[in-house]
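Peer 1: Residue 54 in the working numbering sits at position 47 of the sequence shown, with consecutive numbering throughout.
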Amino acid sequence: MVRSPLTPEQIEAGRRLGALLRHARAGRDLADVAHAAGISPETLRKIETGRLPSPGFGTIICLGEALNVPVQELAATWRGSDLPMEAAS
8 MVRSPLTPEQ IEAGRRLGAL LRHARAGRDL ADVAHAAGIS PETLRKIETG RLPSPGFGTI
68 ICLGEALNVP VQELAATWRG SDLPMEAAS
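Given below as structure tokens:
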């Protein structure tokens, strides 16, 4: 299966998500957060810098839990909206 290239909008969404995660991590060690989320530090670094703009759903859920960021906030940031999903529908 060949994956379609990401659109500029998807790339920008990944950058927003990465910035939120980096901000939420604040002073916590990258390796500690990655370990708590069950991913490698390199994967977290790629997500935070936007080099991995479309991480897997499970990865995002685990990062949200490790950083105490609700999935609704992660989704709103990815969408570029401050509205919860229910209000955006």
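Quick reminder that beta carbons are idealized off the backbone N, C-alpha and C, glycines included.
Please read these numbers as outputs of a predicted model, since none were measured by experiment.
Within its chain, find whatever has a CB closer than 7 Å to the CB of Thr56; leave out the 5 residues flanking it on each side and keep chain order.
Peer 2: What you label residue 56 is simply residue 49 of the sequence shown in a count that begins at 1. Closer than 7 Å at Cβ, skipping near neighbours: Gly25.
Peer 1: For Gly21 and Ile68, what's the separation of their Cα atoms in angstroms?
Peer 2: By 1-based counting over the sequence shown, the position of residue 21 is 14. By 1-based counting over the sequence shown, the position of residue 68 is 61. Spanning the two alpha carbons is a distance of roughly 15 Å.
Peer 1: Between the C-alpha atoms of Arg23 and His42, what's the straight-line distance to the nearest angstrom?
Peer 2: To locate residue 23, count along the sequence shown from 1; it is residue 16. To locate residue 42, count along the sequence shown from 1; it is residue 35. Roughly 22 Å separates the two Cα atoms.
Peer 1: Just verifying my parser: in three-state terms, what is the DSSP assignment at Thr14?
Peer 2: In the sequence shown, counting from the first residue as 1, residue 14 sits at position 7. Three-state result, Thr14: coil.
Peer 1: Three-state secondary structure (DSSP) at Ala44?
Peer 2: Residue 44 sits at position 37 when you count from the first residue of the sequence shown. Note: Ala44 maps to helix in three-state DSSP.
Peer 1: Going by DSSP in three states, Gly71 sits in which element: helix, strand or coil?
Peer 2: Taking the first residue of the sequence shown as position 1, residue 71 is located at position 64. In the structure shown, Gly71 sits in a helix (DSSP, three-state: H, G or I).
Peer 1: Give a yes or no on whether the C-beta atoms belonging to Ala73 and Ala38 are separated by under 9 Å.
Peer 2: Taking the first residue of the sequence shown as position 1, residue 73 is located at position 66. Taking the first residue of the sequence shown as position 1, residue 38 is located at position 31. Contact flag unset, no.
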